[in-house]
Amino acid sequence: MSLAAALLAGPSAAQRRAIAKAITLLESTRPDHRLQADALLTELLPHTGKSFRLGISGVPGVGKSTFIEALGLFLIERGHRVAVLAVDPSSSLSGGAILGDKTRMERLSMDERAFIRPSPSSGTLGGVADKTREAMLVCEAAGFDIVIVETVGVGQSETAVAGMTDMYVLLQLPNAGDDLQAIKKGVMELADLVVINKADLDWAAATRAQAQIGSSLRNYGHSGRQASHPHVLQVSALKSTGLAEFWAAVDLYRQEQVTSGGLEAKRRAQAQDWMWERIHSGLRQQFADAPAVRALLPEITAQVLQGQLAASTAARQLLNRFLETFKHA
Numbered sequence: 017m018s019l020a021a022a023l024l025a026g027p028s029a030a031q032r033r034a035i036a037k038a039i040t041l042l043e044s045t046r047p048d049h050r051l052q053a054d055a056l057l058t059e060l061l062p063h064t065g066k067s068f069r070l071g072i073s074g075v076p077g078v079g080k081s082t083f084i085e086a087l088g089l090f091l092i093e094r095g096h097r098v099a100v101l102a103v104d105p106s107s108s109l110s111g112g113a114i115l116g117d118k119t120r121m122e123r124l125s126m127d128e129r130a131f132i133r134p135s136p137s138s139g140t141l142g143g144v145a146d147k148t149r150e151a152m153l154v155c156e157a158a159g160f161d162i163v164i165v166e167t168v169g170v171g172q173s174e175t176a177v178a179g180m181t182d183m184y185v186l187l188q189l190p191n192a193g194d195d196l197q198a199i200k201k202g203v204m205e206l207a208d209l210v211v212i213n214k215a216d217l218d219w220a221a222a223t224r225a226q227a228q229i230g231s232s233l234r235n236y237g238h239s240g241r242q243a244s245h246p247h248v249l250q251v252s253a254l255k256s257t258g259l260a261e262f263w264a265a266v267d268l269y270r271q272e273q274v275t276s277g278g279l280e281a282k283r284r285a286q287a288q289d290w291m292w293e294r295i296h297s298g299l300r301q302q303f304a305d306a307p308a309v310r311a312l313l314p315e316i317t318a319q320v321l322q323g324q325l326a327a328s329t330a331a332r333q334l335l336n337r338f339l340e341t342f343k344h345a
């Protein structure tokens, strides 16, 4: 049975192995593997697009993994199949994921209706792994109707997940900061829903944070992805309280987006952005691998470091050398 056929065959142990194998193939940098991955995605594409893609972000310590496990268990009890793509910081030695979110979602990982895949960020900015989009398509083709992307948790740079999911949820802590903290540009302004997690630690502080963030977003405007300001909710993932209210807000948002046509338009725009992102990434890789560039790079770099050559001039010289290789090809 082919890898695509195993993915499409329905829930089974063989399908779970096929999903893991497919994502490993997608993450490979070998040229022959990239060709196989492209062929696989082309075969799977007609079977994708039916899930709801949920991005979960927040600073380290906010309880993302605990929240996602509680939410995943809540959802599978209601008949959903849940895939979690958890992005962790990369080891500088092995390149693997350092934290291993799967070990922190033990109960969810043991349920056959859920699939958890921790992936190293590998230096990719934006809090997501380089092949997160492709991995989402694999999970959708395998029949998971809820796909959750958990970002690496590095703060205000985590905006890439907003450009690949249907709804972007930002987790906050009680006593997380003043009004200026609440209206930071970047992550906060992109959130479709803000959740005050660990509310059980201090219900009064959580209530203040909920009111403060909601008021700030209303007063200062919201340039995010929906017309109204995002809702702000309280939950306690540890005690599994507030999850029903959270999912009701998610479901309402999804219905509004589907009815208005916003979801379809958003996905079209995301697909176009994804194409250009891959083009830029491919060009960067070709530039770095070009023999002419690699031969000139040490000398140019030394001149820049010694203050003998402006960085902009150095970049232009390297780009010209790169382009010359195509002229003579």
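Numbers given in this note's numbering equal positions in the sequence shown, counted from 1, plus 16. Backbone N, C-alpha and C define an ideal beta-carbon position, used for all residues, glycine too. Keep in mind the model is a prediction, meaning the values are calculated, not measured.
At a Cβ-Cβ threshold of 8 Å, residue 100 and residue 84 count as neighbours.
Counting C-beta pairs closer than 8 Å gives fewer than three between the region 293-308 and the region 211-218, which falls short of the contact rule. At the C-beta level, residue 181 and residue 270 stay beyond 8 Å of one another. Taking a contact to require three or more Cβ pairs closer than 8 Å, the region 181-191 and the region 123-132 do not qualify as touching. Non-local beta-carbon contacts of residue 86 in its own chain, meaning distances under 7 Å to residues more than five positions away in sequence, involve 253, 256 and 259 in chain order. Taking the Cβ atoms as the reference, residue 67 lies roughly 5 Å from residue 163, within the contact range of under 8 Å. Beta-bridge pairing by DSSP links residue 162 to 68 and 98.
Within 10 angstroms of the beta-carbon of residue 314 lie fewer than 16 other beta-carbons, which makes it exposed. In this structure, the alpha-carbon of residue 190 lies about 9 Å from that of residue 250.
At the C-beta level, residue 81 and residue 17 stay beyond 8 Å of one another. Inclusion of residue 279 and residue 157 in the CB contact set at 8 Å is not warranted, their separation being larger than that value. CA-CA distance, residue 34 to residue 58, rounds to 16 Å. When beta bridges are read from the DSSP output, residue 185 appears opposite 72 and 209. With fewer than 16 other Cβ atoms inside 10 Å of its own Cβ, residue 342 counts as exposed.
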